[in-house]
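> So that we are looking at the same thing, I have put the structure below in structure tokens.
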Amino acid sequence: MNSQVSLHHTHLVTNQVDNVCRFYKSNFDAEVVFDEKIDGDRNIFMTIGTGRIHLFESRNPPQHSRNSFHHLGMMVENLTETIARLEKNDVQVTAVTNVPDGRFAMATAPDNVLLELFEVNGENRKFFVA
């Protein structure tokens, strides 16, 4: 078992973020632990037990044909090592994007499941670890 990688969140795209928050709060005792605009788009993290949901309300939402699932977020301790491992296994990874207190890259898993690989440092880390 690799303790350096953990499944962190499921990312859901919505155009009714407040309604979705109410649903998870009312039905599953979810708690909003992060609610900020990042690059102009609203991002909310909610805890449900030990799990997390990331709700994303975009100014330009992507079109979905079946559901609102967007990606799996994989929090890693060392993004550079994780990318090297994936590339060694012939997985294509996007360029790294630096954000305040962290950085991320995207990759595609089997069945075209989008993966976000991210590393969080500094003050914001408390929002991302239990």
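Numbering (UniProt numbering), first residue to last: 1 to 130.
Here a beta-carbon is modelled for each residue, glycine too, at the ideal position from N, C-alpha and C.
Any beta-carbon of chain D closer than 9 Å to the one on N27?
Protein chains in the displayed structure number just one, and chain D is not present.
> With respect to the beta strand (DSSP E) encompassing V33, which residues constitute its N-terminal and C-terminal limits?
Counting along the chain, the beta strand (DSSP E) containing V33 begins and ends at E31 to I38.
> So who's on the other strand from S6, going by DSSP bridges?
Per DSSP, M75.
> Pair every Cβ in the stretch 71-82 with every Cβ in the stretch 28-43, then say whether three or more of these pairs are closer than 8 Å.
Verdict: no, contact absent.
> Who are the near neighbours of I48 in its chain, counting only those whose CB is closer than 6 Å to its CB and skipping five residues on each side?
Cβ neighbours of I48 beyond the five flanking positions: F28 and A30.
> State the DSSP-derived secondary structure class of V128, mapped to helix, strand or coil.
Note on identity: in this sequence residue 128 is Phe, with Val being the wrong assignment. Reduced to three states, the DSSP call for F128 is coil.
> Nearest CA to the CA of A95: which residue from D101, K88, T80 and A109?
Nearest C-alpha to A95: T80.
> In chain order, what residues of the same chain lie with their CB nearer than 7 Å to the CB of V17, ignoring the 5 residues before and after it?
If we look at V17 and ignore the five residues flanking it on each side, its Cβ neighbours are R42, I44, L55 and E57.
> State the CB to CB distance for the pair T108 and L115, rounded to an integer number of angstroms; the pair is presumed to be in contact (CB under 8 Å).
Confirmed, Cβ separation roughly 7 Å.
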